[in-house]
Amino acid sequence: MRKFPTSLIFSFSHFTTYPVAIGPAFRDDSFSLDGLTDFITPKDILYDFLASHNGNFLTLYLARNDPLPSYESNSPRQSHIKPPIAFAGHPFLLLHNLPGDSTSVSTTATAALDAMRQEGMEDNLLIMLGASGCGKTRTCFEILCSTWGIYFVAGKEYLGSKDIALMESYLTPLMTGNFDNNRGHAEHYTKCALLARLLILDHCVAKSPSFTPQRWMLIQVVQDIFKKIYDYYGDIFSNLTVRLARACNEQFVREEIGNTYTKLCTKLELNVFPIFLDEAQVLQHILPNHFKSRTVTTEDRPLLSPVVHALVQPIDSVDSHCVVPCGTGLGLMFVRETLLSGVAKQVNSIPRFTNFGGWRDEEHVAQYARAIVDLEYADITKLYKYFPGRFRPIVTCIEKILTGFSVSQAIDFIWDIVTTPRTLKE
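Each residue of the sequence shown is one higher than the one before, starting from 530 at the first, in this note's numbering.
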């Protein structure tokens, strides 16, 4: 019997694909922040933003409260307990059975949230490390179903708004040999991305008393699903971020972050406000020669450094928030020094959360799988023998079974993918 080669590190992102909106990232020809008027405030930008099709989209999302679509499988194996979520016409188990009225948060998500609340945490920074497919992203989603927070993602091909992923396109024309100015532009954009999330969250909470953390998580993560339902083209978070970055000066942005965050802390009774930066290792390879270390000014730093600093300290004093860069263990271990030099003061270490676990045994697989598909115990045994450990290979097998694959076909399909050598360009 073949076994999954746990001694090797594979990325599973290449067989978990998400639709990405195609279109121009920015409409204006000029990206410069120079010469901005001192009289345009973030609230001015927000009012204009909400008066447009962007506001109409939010109004529909809040008023209709549509659930995620279900995947109707033709496979005789589909269980009738609870149908899985459909995304881009396919079953998508990453969003299946999210914590809510009938489902509790997993012990892993609870432990990760507890780690964010530790007393004496330096700079409100926690790294979530784990191999690809271990459950990091699902853990983020579960936390955000029960706790108000923000979900940023660094890569264009992943779920979520492209506000951070499009930063490279925005910043490239602004980069010069002046490293301080380069850092200032990057931090300004990042703070505008943060402010855009806070302003939209404040609007949603004000307009809909029944608005929940789960609904807030969904519009951050799978906006594409609801855009299709409500005939909206765009990205509300990216759209507002770019408007703020172009039109508002640093002082106004900082002041509005402080005002809006304080208001939300009081209204939502926040005791921890996680700000996830998923796939953070992607930013390690973007604009690598345009920033310098804050502590060792002769050392180059990539875009990750100013982004982390801006999120950790968007204003002089901010309480209860915790910035959580997430990524593969291999990727983020190499960027430890980048993160250390990105915070406001020198710290000796950054706490890490790595306890994502994996499939414990065949019974664990059976408990999960049989709530979705009808499988014989021999099928469960076969799945576990091929893919012990990380969650995603078996989860993806189940998705394939729902689309009509046999168990053997699903195993062979995933096995071929994870054991095929890949080049860096792939």
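Quick reminder that beta carbons are idealized off the backbone N, C-alpha and C, glycines included.
Predicted model, so just to flag it, every value in this text is computed and none were measured.
Beyond the five residues adjoining it in sequence on each side, ALA939 comes within less than 6 Å, by CB distance, of CYS926, LYS929, ILE930 in the same chain, given in chain order. Counting only runs of 3 or more residues that sit fully inside the segment 629 to 667, the beta strand (DSSP E) segments are 656 to 659, in chain order. Judged by their CB atoms, ARG783 and ILE844 are nearer to each other than the 7 Å cut-off. If you look at ASP731, you'll find it in the alpha helix (DSSP H) that goes 708 to 736. In summary, ASP908 is buried, with 16 or more beta-carbon neighbours lying within 10 Å of its beta-carbon over all protein chains present. Contact between the segment 908 to 920 and the segment 674 to 692 is absent: fewer than three C-beta pairs spanning the two stretches fall below 8 Å.
Taking a C-beta distance under 7 Å as the contact criterion, LEU575 and LEU728 qualify as a contact pair.
Assignment of beta-bridge partners to PHE802 by DSSP yields HIS850. Counting along the chain, no alpha helix (DSSP H) covers VAL682; the unbroken beta strand (DSSP E) around it starts and ends at 679 to 682.
Burial check for HIS814: the Cβ neighbour count within 10 Å stays below 16, so the residue is exposed.
By the neighbour-count definition (other C-beta atoms within 10 Å, threshold 16), ASN707 is an exposed residue.
No Cβ-Cβ contact shorter than 7 Å links ARG919 with CYS733. When the beta-carbon positions are compared, ILE804 and ILE679 come within less than 7 Å of each other. Note on geometry: alpha-carbon atoms of LEU769 and GLN752 lie some 15 Å from one another.
Collapsing the DSSP output to three states places ASP903 in coil. In this structure, GLU671 sits near PRO628, with a CB-CB distance shorter than 7 Å.
LEU806 and PHE882 have their C-alpha atoms roughly 14 Å apart.
In the structure shown, the three-state DSSP call for LYS914 is helix. Contact check for CYS721 and ALA774: beta-carbon distance about 4 Å, within the 8 Å limit, so the pair qualifies. Buried is the label assigned to ALA725, since at least 16 other Cβ atoms lie within 10 Å of its Cβ. Within the segment 585 to 623, no run of beta strand (DSSP E) reaches 3 residues while sitting entirely inside it.
Where ILE574 is concerned, the enclosing alpha helix (DSSP H) starts and stops at 571 to 579. Annotation for SER767: SER690, LYS691, ASP692, LEU695 place their beta carbon closer than 7 Å to its own, counting only its chain and skipping 5 residues before and after. Each of ARG889, ARG646, GLN780, GLY713 was checked against the Cα of LEU832, and the nearest Cα belongs to GLY713. GLN810 and ASP731 have their C-alpha atoms some 30 Å from each other.
Membership of PHE755 in the alpha helix (DSSP H) is indicated by the continuous run 752 to 758. With fewer than 16 other CB atoms across the displayed protein chains lying within 10 angstroms of its CB, THR949 is exposed. Distance between TYR590 and ASP829, taken at the CA atoms: about 43 Å. By DSSP's assignment, PHE882 forms a beta bridge with MET657. Taking all protein chains shown into account, GLN896 has fewer than 16 neighbouring C-beta atoms within 10 Å of its C-beta and is therefore exposed. For THR668 and THR637, the gap between their C-alpha atoms comes out near 7 Å. For the 7 Å CB-CB criterion, PHE916 and ILE923 form a contact. Where ALA895 is concerned, the enclosing alpha helix (DSSP H) starts and stops at 891 to 898. Distance from the CA of PRO571 to the CA of ARG921, rounded to the nearest whole angstrom, comes to 41 Å.
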